Structures are given as structure tokens and as C-alpha cells.
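Reminder that position 104 of the sequence shown reads as 103 in numbering that gives the first Met the number 0, one-by-one numbering, no gaps.
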Amino acid sequence: MTITDLYSILPVVVLVAWALLLLLADLWLSKHKPVFTPILAVVGLVLSIAASITLSDQHLSGFGNSVIVDGFASFLQPLFAITGILAIGLAYDYLKRLKIDRGEYYVLILLSISGMMLMASAGDLIMVFLSLELLSIPLYIMASMAYPRLESEESGLKYFLLGTFASGFLLFGTAMVYGSTSTINFGEIVSFISSGSYDPTLMVIGAALILIGFGFKVAAVPFQSWTPDVYQGAPSPVSAFMSVGVKAAGFAALLRVFSLIFPQLSQTLTPVFWVIAALTMIVGNVVAISQTNLKRMLAYSSIAHAGYLLMAFVPFGDALTRQNSIAAALFYLLAYGLASLGAWAVLIGLEDSKYTGNTLDDLAGLSKRSPLSAAVMTIFMLSFTGVPLTLGFWGKFYLFRTAIEGGFISLAVIGLLTSLVSAFYYLRVVVKMYFAEGETGFHWNFWTSAVAIFTALALLVFSFIPGWLLELVAKATLIGF
């Protein structure tokens, strides 16, 4: 291993080493000052962010081009770490309140984020698979962290079974691509495709299988059936982390793979992405209308937003459109992630020690019990809907504009109509908080409220400077090898 190899995975090395040290330290810390474990986990994430920033102006490749450090990785790696910091803030009080506070929870978060970081810089298909497993296996355990509660154990088991099923599709897809080109390295695959010395049938089959594998991870229709059950059964901070971190990592892999090695197949894959994006938007929003459990509603909301993100993959025809599509997808990921983490923060405040309090009726009268939480929840719902003066509006604007510029006006119309449908169940939450009477308790500590306030302010402030934020995101479209 050369020094360049080490630099290429420096943020991941820092995080994994810190997680292993924290696992040992927790044996002593948890008996004396349990608060030190989450604090030290945050410190590890900050150190990993610092390592990512030191590499932000460099273009490196390591381990035989299986790891790539480019603008894409430099943008997403700190974003994953920040997601982890906010997820730890959501978890600390919740885990204590429900008496499931275990130090290994924070170790598992660090390990999962290290997999996400490696996913963002993967340079070949085997690295994509390894990073996918590294981010997924800790989540299988975290989803069942509330044992012996049956719903939590069921959540972890379902996620494990379907996650391994998705991994199988990814491996078969990798095998097909290898059979077509005799390599798994992105750069070499592109060379084979450009020269025409590949088997197009095997390549198309491989691309389809890889898409199915990641379709499970991002909860795209028809691979979304696990999402509501897993989100409802898992501890709420875990669901919040999955709804943002796993989705962002899955789309990071999709963007890197399909922007690098499959753009030449765009005419073949465009109808597939069009149908999946449309179905995901329609099914996610329509089924969410009937949900009375807030965790299931946010699960179907997550499915719907995966559909909007998939719109970015449809106009992948020429290089300029592809760059704009990647920028729009990353911008929307940021807007969705902020709103989702904030909404889960309010839901965590509603949930009591018996895992109840997360229905729509439990929001009744929240504006009187906790005016601040009702105000920020309103911001999150408006951003999900895409109402102006929120970052969610600009996210949908850029995605719809990209679809229209690519000539897919019908898909943009479907996105607009489904956004109108989503307004019904998002605004129903606002109506319930301000115009219904209720006396359900609310539990908000400093860290949970800090996450909610931070995300709400970010959604409002960034909505006034979307151009600057889009320019920042555009640097992440510099994907290469």
C-alpha cells in the first residue's frame, strides 16, 4: 500500500479506527459517564470531516483505481458525517428514555457511515458491493436494537432478508458486466464500451440487475415493500438515519455507476428510469394519503421522494444534461435530508416510553403544547411539499427543469401532479397541529430540539441563496477516474 492509497481512504480509516477504539472505550465509559460515548462518536465524525476537507482540492485514485477521490466524493463524505452527527443528536435522549441506551449503537453508526463514505468514492463494482455491505450490516443490528420488542426484531429481520436479496442482484449484475467487458473497474469498462469491444446483451442485463439491487436500497417501486414495516418497527432515530443516510448512499452509488459506465446505454435505460420514477412518485404519494401512523407516512413519503430523485436519471443523454441532472439530484438530496431529519426529530418528541404517540391524532394540539415544535414541523411539511420560501421548492424546481430540458415534459407533469397530491397529507399534519384539540405529552430535550431548529433554519436560509448552493453542489458533478 502506497501513501496515495492511504490518502484516498483517509476519512474512512479515521472513522473505522475511531469506531474500534470507541467500542473498547465504551466498556469503561458506559459504567461511569454514558454521555461520553455519543460525544466521542461526534468527535470521530468531526475528525473524519476534517480528513475529507484536506482532500477536497485533490484528485486521487488508490488501490488500482478501486477508490476515487474527486469532487463527488469530497462533497458527499462530509455530508454523510454531518448526517451521522445529527442522527446521534436525535438518538441520545430517545435511547435513554426508552431504556435501550447501548454504547454499541454509536459504534454501529460510525461503521455504517464509513461504508457510505467508501460508497461515494468507489472506483469499481466490487468496491461498490463491499461498501454497500459495510453500510448495511450495522443497520440490520440497529433496526432490531429495541429487542425484545417484537416489532423491532421483525424490522431488523425483514431489512436483513431483503437487504441480502438486493445484494445478490448487485453481485449478479457485477458478474454480467464482468462477463461483458472482462473487468469490473469503471475506467476500464468505459474504455471497452467506447471501443465497442463488449457484449451489449450482457451489459444491458448487468445494468438492469444493478439497478434492481439499488432499487431496493433507495426504496423505488416495485422494490419498496420493506420500507413502511422497517421504518415503523425500528427505533425512530434509526428510521431517521436510514431515511436520509441510506437513501443518499444508494443514490450516490447509482449516480457514480450510471454516470460513469452506463451513459452510452442511456437510450436503452431511459424508458426504464421513466417508468420507475413515475410509479415511485405515484405509489408513494397516493398510499401515504391513507396512513395514520406518522412513521409509515414518512416511509411512504421517503418512497415518493425517491421517485423525484429518479427523475434525474431520465435525461442522461448528453454530457451537459448529465451534469445538470447530477447537480439537481444532489441539491434535492440535501433539501430532502434536512427536512426528513427535522420531521423525525418532532416525531421522536411525540413518542413515549411505550413506543406509542406516533399517530396523526397525537399531533392534535401540538401548537399549544409546544409552539416551537409545531412551527418547525410546519416548515418541514412545506419543504416536503415544495412550497416557495423553503429549500424543497428549489429542489423540485431544479429537478423538474432538468426533466423539461431533456424533453421529458410528461414526467415533469407527473411530478407536479403528485406534488399536489402530497400537499394533502403534508398539510393535514399542519391542520392537525393547529386546529385540533389534544393533550398527548411531548418529550423534547436540548439535542433533539437543536437538530430540529438547525434543520428548519437551514431550509429557510438556503432557500434565499439557492444559486450559491447549486454552484457548490455543481462542483460535486466532477466525477471521474
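Where a beta carbon is used, it is the ideal one built from N, C-alpha and C, also for glycine.
Keep in mind it's a predicted model, so treat the numbers as computed, not measured.
A distance below 6 Å between beta-carbons, with the five flanking residues on each side excluded, links N292 to the following residues of its chain, in chain order: T358. In this structure, the beta-carbon distance from P227 to Q266 does not fall below 9 Å. By the CB criterion at 9 Å, G83 and I112 fall inside the cutoff.
Here the alpha carbon of L398 sits roughly 37 Å from the alpha carbon of D92. Between F383 and Y425 the beta-carbon gap is near 5 Å, inside 8 Å, which marks them as a contact. When secondary structure is reduced to three states using DSSP, N284 falls in the helix class. Excluding sequence positions up to five before and after V11, its CB lies within less than 6 Å of the CB of S113, M116, L117, all in the same chain and listed in chain order. Rounded to whole angstroms, the separation of the alpha carbons of I67 and G186 is 11 Å.
Every alpha helix (DSSP H) stretch that sits fully inside the segment 351–410 and reaches 4 residues is listed by chain position as 365–368, 370–384, 390–404.
Taking C-alpha positions only, S193 is separated from S179 by approximately 13 Å.
A direct Cα-to-Cα measurement between I204 and E470 gives close to 36 Å.
Here the alpha carbon of L131 sits roughly 11 Å from the alpha carbon of L170. Between L54 and A40, the C-beta gap is not smaller than 9 Å, which leaves the two residues out of contact.
Contact check for A298 against A86 fails: the beta carbons are separated by 9 Å or more. Between L134 and W17, the CB-CB gap reaches or exceeds 9 Å. For the pair of segments examined, the segment 236–250 was found to touch the segment 137–155: the number of CB pairs separated by less than 8 Å reaches three. Inclusion of Q223 and I302 in the CB contact set at 9 Å is warranted, their separation being smaller than that value. Each of I99, S190, M126, F191 was checked against the Cα of P147, and the nearest Cα belongs to I99.
Between L349 and G356 a beta carbon distance of about 5 Å is seen, short of the 8 Å cut, so the two are scored as contacting.
The way I'd put it, the segment 386–401 does touch the segment 456–467; three or more beta-carbon pairs between them come closer than 8 Å. Contiguous alpha helix (DSSP H) elements confined to the segment 408–470 occur at 408–434, 445–461, taking only those with 4 or more residues. In the pairwise beta carbon analysis, the segment 317–337 is classified as not touching the segment 200–218: fewer than three pairs are separated by under 8 Å.
Between the segment 430–445 and the segment 368–382, the count of C-beta pairs closer than 8 Å reaches three or more; the two stretches touch.
Restricted to the segment 149–214, the alpha helix (DSSP H) segments that are unbroken, complete and at least 4 residues in length are 149–180, 185–194, listed in chain order.
Distance from the CA atom of N64 to the CA atom of L78, rounded to whole angstroms, is 23 Å. Assigned with DSSP and collapsed to three states, V42 falls in helix. Residue pairing by DSSP places A121 opposite V66 in a beta bridge. According to DSSP, S60 shares a beta bridge with I67.
With 16 or more neighbouring CB atoms inside 10 Å of its own CB, T36 falls in the buried class. Within the same chain, and ignoring the five residues on either side of F250 in sequence, the residues whose Cβ sits closer than 7 Å to its Cβ are V217, L308, A328, L332.
Beta-bridge pairing by DSSP links N292 to T358. Going by DSSP, S143 is part of no alpha helix (DSSP H) at all; its letter is neither H nor E.
Of all alpha-carbon atoms in D69, R101, S190, the one lying nearest the alpha-carbon of W27 is that of R101. The continuous alpha helix (DSSP H) containing V229 extends over residues 225–232.
If you look at P236, you'll find it in the alpha helix (DSSP H) that goes 235–240.
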